[in-house]
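For the sequence shown, our numbering assigns the number 358 to the last residue and increments by one with no breaks. Beta carbons: idealized from backbone N, C-alpha and C, even for Gly. All figures in this text were calculated on a predicted structure; none of them were measured in a lab.
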Amino acid sequence: MQKLGICEWMPRICNISTYGYCWRDVLSVPNFDGYEPSKAEKLKIQLMIFSKNAILMVMSHQRTPRLKPMLERVPPGFLVDAAWLKRFGVDPKSIHNYAERGWLERVVRGVYRRPLSRTDHSARLNRNSAPDWQLVLLSIQSIMEHEVHLGGLSALTFHGFSHYLSLGHKERIYLYGEVPSWLARLPGETEFIVRSTNLFANDLAGIENVERQLENMNGNTGPTVSPWHWPLKVSSPERAILEALDELPSHAGFDNLDMIFQGLANLRPKHLMKLLRACQSIKVKRLFFVFADRHSHAWLKYLDKSAIDLGSGPRALIKDGKIHPIYRISVPEAFMPSEQGEGSQNA
């Protein structure tokens with residue numbers, strides 16, 4: 012048998028070490044291909060194999076950094092951003108590689124979506140579509156853990172009290188709290204209107220967790236994007252109507268809110284009292300009672316107006332409006348009390 016020199020068979024030893032052998036296994040054989048290495052050569056072999064195994068271990072750790080635990084936190088169809096990925100130790104180069112391999116889909120710069128199932132035909136058809144606003148909000152709330160909730164007119168619509176749509180315009184979604192800056196750059200027919208929670212001095216009263224099946228929320232038959240029934244953080248109807256009144260007169264109309272108020276027959280007076288006490292806007296509280304007196308729902312008699320700060324002095328709200336005789340705020344003439352109707356109640 013032809014004998015090989017050390018420079019020829021050392022690479023073979025290193026290849027053997029890759030498949031699970033260690034240097035002891037190799038050197039336990041007296042003659043490897045007919046060659047007996049010296050002590051100095053044995054030391055070189057040991058160092059080479061140790062060095063290569065160490066490199067392989069590091070490379071293996073880098074190839075599977077934190078992908079599995081990361082994906083376990085993100086249901087198919089949901090979004091994450093680069094800041095969230097960085098918290099899991101995923102560097103920009105790895106993010107790029109994940110997107111190239113199809114493990115993540117780039118939505119806009121710095122925002123990624125976990126792909127829907129490739130076996131779902133409807134998912135393939137919608138793979139490049141803009142993300143649904145409810146998925147966006149759930150991703151922000153439950154995955155990226157931003158303190159934000161659906162409120163105002165959007166919450167009232169969510170609860171079934173309003174079906175008002177702005178024809179010819181994007182759907183407006185009112186969010187209250189902290190949102191990532193990329194939210195305004197998302198594609199689609201949704202405009203996110205972001206408000207602070209200052210109306211209630213950051214009091215979280217009236218924010219509820221509401222579960223809904225995502226695939227049924229818009230009445231469509233799109234793919235089921237998550238088996239995880241995460242609840243949406245949404246303003247209760249009691250909080251939402253106060254948030255909506257705060258939009259008057261610039262971003263909401265009296266007539267639309269009047270129609271909504273007509274359907275609010277089942278509001279909870281204890282919740283209303285707590286929220287009215289926490290409300291920081293004199294305008295909102297006065298307008299609330301303008302509408303409440305106008306519709307005279309059964310819960311109105313359980314509200315203690317004397318325990319609510321309604322301020323003092325008249326408030327001008329709209330041009331050419333008339334000052335309400337009880338609540339001293341300007342409103343459209345149609346919202347003035349009749350002589351023997353709502354105006355007969357004492358403030």
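The continuous beta strand (DSSP E) containing I184 extends over residues 182 to 188. Here DSSP, grouped into helix, strand and coil, assigns F203 to strand. About 20 Å separates the beta carbons of L161 and K285, which is beyond the 8 Å limit, so they are not a contact pair. Across the set A309, I340, W310, the C-alpha of I340 shows the shortest separation from the C-alpha of K296. D214 carries a coil assignment under DSSP once its states are collapsed to helix, strand and coil. In this chain, S349 is not harboured by any alpha helix (DSSP H), its DSSP state being neither H nor E. CA-CA distance, E156 to E189, rounds to 10 Å.
By the neighbour-count criterion, in which 16 or more other beta carbons inside 10 Å mark a residue as buried, A255 falls on the buried side.
Around the Cβ of D304, a 10 Å sphere holds 16 or more other Cβ atoms; the residue is buried.
According to the DSSP assignment, H282 belongs to the alpha helix (DSSP H) that extends over 280 to 289. The beta carbons of F272 and F300 sit no closer together than 8 Å.
The Cβ atoms of R124 and L90 sit closer than 8 Å to each other.
Close CB contacts of P80 within its chain, under the 6 Å cut and outside five residues either way in sequence, are absent.
Judged by beta-carbon spacing, A216 lies within the 8 Å limit of A289, meaning their Cβ atoms are closer than that value.
When the five nearest sequence neighbours on each side are left out, the beta carbons in the same chain lying within less than 6 Å of the beta carbon of R183 are those of E202, I204, in order along the chain.
Under a 10 Å Cβ-count criterion, S246 is classified as buried, with 16 or more other Cβ atoms of the shown protein chains found around its own Cβ. Ranking S150, D269, K181 by CA distance to the CA of I252 puts D269 first. About 6 Å separates the CB atoms of G113 and P126; that is less than 8 Å, so the two are in contact. Rounded to whole angstroms, E249 and H107 show a C-alpha spacing of 45 Å. In the three-state scheme derived from DSSP, where H, G and I count as helix and E and B as strand, E116 is classed as strand.
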